[in-house]
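A.B. asks:
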Amino acid sequence: MRIPRIFLIPIFSILTYISFGQYTIETVPDPKKYGQDQFISNPDGVLTSAEVSNINAIAQKIESSSKAEIAIVAIDNYDGDEDDFQFAYNLFQHWGIGKKETNNGLLLLVVKNRRKYRFITGYGLEGLLPDVTLKQIGELDLVPDFKNGNYGLGIENAMTDIQKILLSPNGQKELRNLYARKNSTWYKIISNSAIALGILIFYYFLDKSLQLYEIRIGKKKKTRQKYRTGNLWIGFGILCFLFFIGIFMFGFFHIKVYSWNYLWIYALIVGTIGIALQNASIFRTIKSKNLDISDINAYLSEFKKKQWLALLLSPFSWITFRKINRVIRNNRNRILSGPEGQNWERLHKFADARQFKYLLTDGKKKEIKLGIIEPEFWINKETKKVTNIDWQGPNYNKYETCPKCQVRTYEIKKSLKTIKKATYSKKGEGEYYRECSNCQYRLSLGLVILPMLVESSSTNSSSSSSSSSSSSSGSWGGGSSGGGGAGGSW
Numbered sequence: 001m002r003i004p005r006i007f008l009i010p011i012f013s014i015l016t017y018i019s020f021g022q023y024t025i026e027t028v029p030d031p032k033k034y035g036q037d038q039f040i041s042n043p044d045g046v047l048t049s050a051e052v053s054n055i056n057a058i059a060q061k062i063e064s065s066s067k068a069e070i071a072i073v074a075i076d077n078y079d080g081d082e083d084d085f086q087f088a089y090n091l092f093q094h095w096g097i098g099k100k101e102t103n104n105g106l107l108l109l110v111v112k113n114r115r116k117y118r119f120i121t122g123y124g125l126e127g128l129l130p131d132v133t134l135k136q137i138g139e140l141d142l143v144p145d146f147k148n149g150n151y152g153l154g155i156e157n158a159m160t161d162i163q164k165i166l167l168s169p170n171g172q173k174e175l176r177n178l179y180a181r182k183n184s185t186w187y188k189i190i191s192n193s194a195i196a197l198g199i200l201i202f203y204y205f206l207d208k209s210l211q212l213y214e215i216r217i218g219k220k221k222k223t224r225q226k227y228r229t230g231n232l233w234i235g236f237g238i239l240c241f242l243f244f245i246g247i248f249m250f251g252f253f254h255i256k257v258y259s260w261n262y263l264w265i266y267a268l269i270v271g272t273i274g275i276a277l278q279n280a281s282i283f284r285t286i287k288s289k290n291l292d293i294s295d296i297n298a299y300l301s302e303f304k305k306k307q308w309l310a311l312l313l314s315p316f317s318w319i320t321f322r323k324i325n326r327v328i329r330n331n332r333n334r335i336l337s338g339p340e341g342q343n344w345e346r347l348h349k350f351a352d353a354r355q356f357k358y359l360l361t362d363g364k365k366k367e368i369k370l371g372i373i374e375p376e377f378w379i380n381k382e383t384k385k386v387t388n389i390d391w392q393g394p395n396y397n398k399y400e401t402c403p404k405c406q407v408r409t410y411e412i413k414k415s416l417k418t419i420k421k422a423t424y425s426k427k428g429e430g431e432y433y434r435e436c437s438n439c440q441y442r443l444s445l446g447l448v449i450l451p452m453l454v455e456s457s458s459t460n461s462s463s464s465s466s467s468s469s470s471s472s473s474g475s476w477g478g479g480s481s482g483g484g485g486a487g488g489s490w
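Counting from 1, position 265 in the sequence shown corresponds to residue 265 in the UniProt record's numbering; the numbering is continuous, with no gaps.
#1: How far does the alpha helix (DSSP H) with residue 166 in it reach, from first residue to last?
#2: Can you grab the Cα-Cα spacing for the pair residue 29 / residue 48, in whole Å?
#3: Is it buried or exposed, residue 158, if we count other Cβ atoms within 10 angstroms and call 16 or more buried?
#4: Are the CB atoms of residue 38 and residue 78 within a distance shorter than 9 Å?
#5: List, from N- to C-terminal side, the beta strand (DSSP E) runs of 3 residues or more that fit wholly inside the UniProt domain "TPM" (42 to 164).
#6: Suppose you measure from the CA of residue 370 to the CA of residue 442; what does that come to, to the nearest Å?
#7: On the three-state DSSP scale, how would you describe residue 465?
#8: Give every residue of the same chain whose Cβ lies closer than 7 Å to the Cβ of residue 494, excluding the five residues on either side of it in the sequence, and list them in chain order.
#9: Ordered along the chain, which non-local residues of its own chain (more than five positions away) have a Cβ less than 7 Å from that of residue 437?
#10: Report, in whole angstroms, the separation of the C-beta atoms of residue 69 and residue 105, which I expect to be a contact under 8 Å.
#11: Can you check DSSP and say which residues form a bridge with residue 274?
#12: Just list the residues that DSSP pairs residue 436 with in beta bridges.
#13: Below 8 Å, can you find three or more Cβ-Cβ pairs linking the region 133 to 141 to the region 80 to 92?
#14: Whose C-beta lies closer than 6 Å to the C-beta of residue 97 among residues of the same chain, with five residues either side of it excluded?
#15: Would you tell me roughly how many angstroms separate the C-alpha atoms of residue 482 and residue 306, rounded to the nearest one?
#16: Between the beta-carbon of residue 450 and the beta-carbon of residue 428, is there less than 9 Å?
#17: Looking at residue 314 and residue 282, is the spacing between their C-beta atoms short of 9 Å?
#18: When you compare only the Cα positions, how much space is there between residue 279 and residue 375?
#19: For the candidate residues 434, 349, 423, 389, whose alpha-carbon lies nearest to that of residue 415?
#20: Can you list, in chain order, the stretches of the beta strand (DSSP E) that have 3 or more residues and sit fully within the region 315 to 349?
#21: What is the C-beta distance between residue 487 and residue 84, in whole angstroms, given that I count them as a contact (C-beta under 8 Å)?
#22: Within the continuous alpha helix (DSSP H) that includes residue 390, where are the two ends?
#23: Give the DSSP-derived three-state secondary structure of residue 361 in the structure shown.
#24: Contact defined as beta carbons within less than 8 Å: I believe residue 293 pairs with residue 329. What is the distance between those atoms, to the nearest angstrom?
#25: Please state whether DSSP places residue 355 in a helix, a strand or coil.
#26: Could you tell me the alpha carbon to alpha carbon distance between residue 388 and residue 419, rounded to whole angstroms?
#27: Which of the three DSSP states is assigned to residue 39 in this structure?
#28: What do you reckon, are the CB atoms on residue 60 and residue 473 nearer than 9 Å?
#29: Opposite residue 375 in the DSSP bridges: which residues?
#30: Could you tell me the distance, in whole angstroms, from the CA atom of residue 341 to the CA atom of residue 316?
#31: Does any residue of chain D have a CB that is nearer than 9 Å to the CB of residue 133?
#32: Around the C-beta of residue 425, are 16 or more other C-beta atoms found within 10 angstroms, so that it is buried, or is it exposed?
#33: By the 10 Å Cβ neighbour count, where 16 or more other Cβ atoms means buried, how is residue 455 classified, buried or exposed?
#34: What three-state label does DSSP hand residue 475 in the structure shown?
Written out as structure tokens, the structure is:
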């Protein structure tokens with residue numbers, strides 16, 4: 001039976017795609033799936049079986065003598081437009097080449113059709129195999145033979161030179177010290193504690209330096225007030241947040257965040273956020289005090305003078321600084337905006353205005369209590385007449401004027417009243433409504449059906465232990481890389 005020509009093109013395209021070996025990180029064959037003593041992935045036959053055997057023997061000897069894991073991947077091509085470094089780095093992290101405790105892994109990726117090679121080293125081998133050394137090995141061993149199509153010979157020569165470095169007396173000594181140090185319980189305790197202690201000490205002195213805000217009103221000692229916040233809890237929260245971010249970055253982006261190299265970054269983040277949170281907390285404390293707006297402005301003005309250091313060290317403090325200016329500006333506008341005419345004097349909230357609260361109706365008092373309005377009392381110096389000007393409070397936009405009592409206490413947000421409770425077998429019934437907080441006038445917005453209750457069922461997943469398909473399969477040690485290595489082309 002003849003195949004129509006129209007079908008030959010897609011069949012040929014598929015076969016061509018397969019033959020050129022367009023691999024992704026997930027589809028590159030892992031040699032460890034075929035045995036713990038396998039180190040070479042050669043799915044496209046770039047290397048001969050004899051070359052694979054020779055190179056694998058070198059990798060086995062290196063692993064048995066130094067515990068370093070070396071993976072060699074030789075493919076025709078890979079899928080995507082990413083460069084060879086990103087592909088090799090992602091493959092290194094995906095497999096986890098090297099021991100988890102020491103990160104002593106090395107990957108050599110050879111991409112035949114792109115004429116690219118790339119070394120990627122784990123953290124533990126960056127000292128023995130720095131970038132410049134790997135670059136020399138690539139240019140002297142790989143490139144000349146690769147140009148002649150002798151891929152196996154070039155890789156074997158490079159592996160021989162790497163073996164000499166790792167198995168030399170100095171290399172062996174450094175690897176033994178690295179492995180012993182990384183496996184030491186005391187090393188882990190001391191290193192981790194030192195980082196945490198350094199951050200805590202920095203935050204402790206930062207906290208002490210921030211507790212200097214003694215804002216005075218007037219010259220009398222009794223008017224001195226000191227605002228302090230729970231900085232220890234703030235610092236603890238920041239540390240927990242940074243710890244979570246560190247785990248996230250390490251797990252998803254494979255970034256080694258727990259290192260002495262990044263200690264100053266931790267301190268900088270803690271200091272920056274700590275100063276910003278401290279300033280924001282003091283601002284909220286002053287603003288929420290039951291004080292006259294003239295006293296609040298005096299507090300905030302004095303506090304703003306001490307902001308220069310915070311603004312210099314913490315860009316986030318500019319947010320609080322802008323809020324302070326806005327509150328001072330609004331309060332000043334209220335202080336200067338009196339009734340029409342002359343000879344009006346504003347009354348202090350506590351010193352003078354209390355005696356005139358009888359002028360307020362019960363509805364106005366309810367609006368003040370709910371934070372809907374904030375009245376300012378003014379007295380005429382000549383006639384002694386007292387009047388008040390109402391300013392919008394923080395909850396002004398949450399209420400409307402009640403159609404019954406004409407007081408702005410009619411809540412905009414609708415509430416739900418349960419008429420019939422829902423059960424696990426029957427639906428319930430409820431009613432949406434709006435209500436006035438002053439006269440309890442209520443407007444029904446309609447009935448609603450409440451869904452039935454659902455029992456929380458814990459799914460017991462029975463884990464069936466499936467035996468391994470191949471008793472000889474193995475795995476890499478779970479190492480990671482910081483992106484060290486070298487690459488080139490031929």
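Quick reminder that beta carbons are idealized off the backbone N, C-alpha and C, glycines included.
C.D. replies: In terms of the structure at hand:
#1: By one-based count along the sequence shown, residue 166 stands at place 166. Residues 151 to 166.
#2: One-based indexing of the sequence shown puts residue 29 at position 29. One-based indexing of the sequence shown puts residue 48 at position 48. Cα to Cα, the separation comes out at about 17 Å.
#3: Mapped onto the sequence shown, residue 158 falls at position 158. Per the 10 Å Cβ criterion, buried.
#4: If you number the sequence shown from 1, residue 78 lands on position 78. If you number the sequence shown from 1, residue 38 lands on position 38. Cβ distance not < 9 Å, so residue 78 and residue 38 don't count as in contact.
#5: 69 to 75, 105 to 111, 116 to 121
#6: For the purposes of this step, residue 370 is taken as residue 370 along the sequence shown, with counting starting at 1. For the purposes of this step, residue 442 is taken as residue 442 along the sequence shown, with counting starting at 1. For residue 370 and residue 442, the distance between alpha carbons rounds to 18 Å.
#7: Here residue 465 refers to the residue found at position 465 of the sequence shown. With a pLDDT of 41 at residue 465, under the threshold of 50, the modelled position of that residue is not reliable, and the figure given next carries that caveat. Here residue 465 sits in coil by DSSP.
#8: It is not possible to answer for residue 494, since the shown part of the chain is limited to 1 through 490.
#9: Within the sequence shown, the letter at position 437 stands for residue 437. Excluding residues within five positions, the ones whose Cβ falls inside 7 Å are 366, 370, 409, 411.
#10: Looking up residue 69 in the sequence shown gives position 69. Looking up residue 105 in the sequence shown gives position 105. About 5 Å separates the two Cβ atoms, so the contact holds.
#11: In the sequence shown, residue 274 corresponds to position 274, counting from 1. Residue 274 pairs with nothing; no bridge assigned.
#12: Mapped onto the sequence shown, residue 436 falls at position 436. 410.
#13: no
#14: Within the sequence shown, numbered from 1, the residue matching residue 97 stands at position 97. Only 69, 71, 105, 107, 476, 479 meet the Cβ criterion.
#15: On the sequence shown, position 482 is the one that residue 482 refers to. On the sequence shown, position 306 is the one that residue 306 refers to. Approximately 42 Å, taken between the alpha carbons.
#16: One-based indexing of the sequence shown puts residue 450 at position 450. One-based indexing of the sequence shown puts residue 428 at position 428. Yes, they are a contact pair.
#17: Here residue 282 refers to the residue found at position 282 when the sequence shown is read from its first residue. Here residue 314 refers to the residue found at position 314 when the sequence shown is read from its first residue. No, the pair does not count as a contact, with Cβ atoms beyond the cut-off.
#18: Reading the sequence shown from its first residue, position 279 is the one you call residue 279. Reading the sequence shown from its first residue, position 375 is the one you call residue 375. Roughly 29 Å between the two C-alpha positions.
#19: Mapped onto the sequence shown, residue 415 falls at position 415. Of the listed residues, the one whose Cα sits closest to residue 415 is 434.
#20: 344 to 346
#21: The count along the sequence shown starts at 1 and reaches residue 487 at position 487. The count along the sequence shown starts at 1 and reaches residue 84 at position 84. Correct: roughly 6 Å between the Cβ atoms.
#22: Indexing the sequence shown from 1 puts residue 390 at position 390. No alpha helix (DSSP H) contains residue 390, which is instead part of the beta strand (DSSP E) from 386 to 392.
#23: Counting from one through the sequence shown, the residue named residue 361 turns up at place 361. Coil at residue 361, not helix or strand.
#24: Position 293 of the sequence shown holds residue 293. Position 329 of the sequence shown holds residue 329. With 8 Å as the limit, residue 293 and residue 329 do not qualify as a contact, their Cβ atoms being about 12 Å apart.
#25: Taking the first residue of the sequence shown as position 1, residue 355 is located at position 355. Correct three-state label for residue 355: helix.
#26: Within the sequence shown, numbered from 1, the residue matching residue 388 stands at position 388. Within the sequence shown, numbered from 1, the residue matching residue 419 stands at position 419. Approximately 44 Å between the Cα atoms of the pair.
#27: As a first step, residue 39 is located in the sequence shown; it is residue number 39 there, counting from the start. Three-state result, residue 39: coil.
#28: As a working note, residue 60 is residue 60 in the sequence shown. As a working note, residue 473 is residue 473 in the sequence shown. Contact: no.
#29: The residue given as residue 375 occupies position 375 in the sequence shown. Per DSSP, 390.
#30: In the sequence shown, the residue the question calls residue 341 occupies position 341. In the sequence shown, the residue the question calls residue 316 occupies position 316. Computed Cα separation, rounded: 44 Å.
#31: Absence of chain D from the displayed structure is noted, only one protein chain being present.
#32: Position 425 of the sequence shown, counted from the start, is the residue given in the question as residue 425. Exposed, since its Cβ has fewer than 16 Cβ neighbours within 10 Å.
#33: As a first step, residue 455 is located in the sequence shown; it is residue number 455 there, counting from the start. Exposed.
#34: Within the sequence shown, numbered from 1, the residue matching residue 475 stands at position 475. Residue 475: coil per DSSP, three-state reduction.
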